[in-house]
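For reference, the structure is listed below as structure tokens.
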Amino acid sequence: MTGSKKVVIVGGGTMGADVALVFLRGGYAVEIIEAGTERRTFLPQYFEFQIKELGYAKPNKPITIHAELKDVAWSSVDLVVECIPEKLPLKQELFKKLEGIVSAECVLATNTSSLSVERMTEGLKNPERVVGFHFFNPVAVMPLLEVARTSTTDDATTATAIAVGKELKKTMIICKDAPGFVVNRLLTRFMGEVTDAVDEGTAP
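Following this note's numbering, the numbering of the sequence shown begins with 319 at its first residue and continues without gaps.
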């Protein structure tokens with residue numbers, strides 16, 4: 319980390335906006351990129367309301383909102399967390415763009431809950447700096463954070479992700495990049511057992 323504690327969140331939907339707020343509470347300078355005009359107009363009101371609702375201290379600097387990647391001063395960014403829609407081609411394209419503009423030390427993280435982090439790194443020159451960073455909804459309330467390593471994620475990237483998680487006061491699970499990581503994998507098995515029980519005649 320450069321010491322500036324600056325994070326960029328790509329995607330200002332439900333998860334992206336709430337992830338931005340948690341970083342704000344953690345003392346980070348937060349910038350968010352959201353392509354949708356209506357969503358960009360809505361976000362300042364949402365942030366103001368949530369800061370009051372969650373009892374956060376009034377930030378020295380509000381969350382900065384941008385429309386495009388080119389609007390960010392990337393040289394001072396320590397961490398990027400993508401929170402765009404769960405479509406692999408979109409995430410692959412985003413990481414390729416980011417790799418060309420961020421600093422050599424910048425960590426690229428994905429908030430995906432189900433897609434392969436390793437597949438997102440296909441074609442990247444530095445796949446070792448990509449890590450899964452899966453928050454749970456509602457982000458401000460749920461303490462859990464899954465940190466998912468691919469076969470190429472290096473120790474420095476993992477250590478950075480863990481350090482950030484601690485600063486955000488999250489309880490972390492460090493896991494391999496696998497379908498559903500840990501929680502959703504267990505949930506799928508659990509729901510399968512529930513469905514089987516109902517199918518076998520157990521009353522709901």
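For each residue, glycine too, the CB sits at the ideal point set by N, CA and C.
Query - Residue burial classification, MET460 (beta-carbon count within 10 angstroms, cutoff 16) - result: exposed
**Report entry** Sequence-distant residues of its chain with Cβ nearer than 7 Å to VAL337 (five each side left out)
**Finding:** ILE327, VAL399, CYS401, ASN429, PHE453 and VAL457
Query raised in the report: Where does the unbroken beta strand (DSSP E) through ARG467 begin, and where does it stop?
Result: 462 to 467
Requested in this report: Go through the region 396 to 469 residue by residue and report every complete run of the beta strand (DSSP E) that reaches 3 residues or more, in order.
Outcome: 397 to 400, 425 to 428, 448 to 453 and 462 to 467
Query raised in the report: If you run the structure through DSSP and keep just helix, strand and coil, what is VAL348?
Result: strand
Requested in this report: Answer yes if the region 376 to 387 comes into contact with the region 350 to 359, meaning at least three C-beta pairs across the two stretches below 8 Å, and no otherwise.
Outcome: yes
**Report entry** Counted within 10 angstroms of its Cβ, other Cβ atoms place VAL516 as buried (16 or more) or exposed
**Finding:** exposed
Query - GLY345 burial status per 10 Å Cβ neighbour count (16 or more: buried) - result: exposed
Report task. Please determine, among ARG358, PHE367, ARG357 and SER431, the residue with the shortest C-alpha to C-alpha distance to GLU464. Result -> SER431
Query raised in the report: At which residues does the beta strand (DSSP E) containing ILE491 begin and terminate?
Result: 489 to 494
Query raised in the report: CA-CA distance, PHE451 and PRO522?
Result: 35 Å
Requested in this report: Within 10 angstroms of the Cβ of ALA481, are there 16 or more other Cβ atoms? Answer buried if so, exposed if not.
Outcome: exposed
Report task. Give the C-beta separation of SER469 and GLU436 to the nearest angstrom, bearing in mind that I take them to be a contact with Cβ-Cβ under 8 Å. Result -> 6 Å
Query - Span of the alpha helix (DSSP H), counted from its first residue to its last, around VAL390 - result: It is not in any alpha helix (DSSP H) - VAL390 carries neither H nor E in the DSSP assignment.
Query raised in the report: Taking Cβ positions, are CYS424 and VAL390 nearer each other than 8 Å?
Result: no
Query raised in the report: Looking at the unbroken beta strand (DSSP E) that takes in THR382, where does it start and where does it end?
Result: 382 to 384
Query raised in the report: Once you ignore the five residues that flank THR320 on each side, which residues in its own chain have a CB closer than 8 Å to its CB?
Result: At THR320, the pLDDT of 48 sits below 50, so the modelled position is not reliable; the number obtained from the coordinates is stated separately. Cβ neighbours of THR320 beyond the five flanking positions: SER394, ASP396, SER421 and GLU423.
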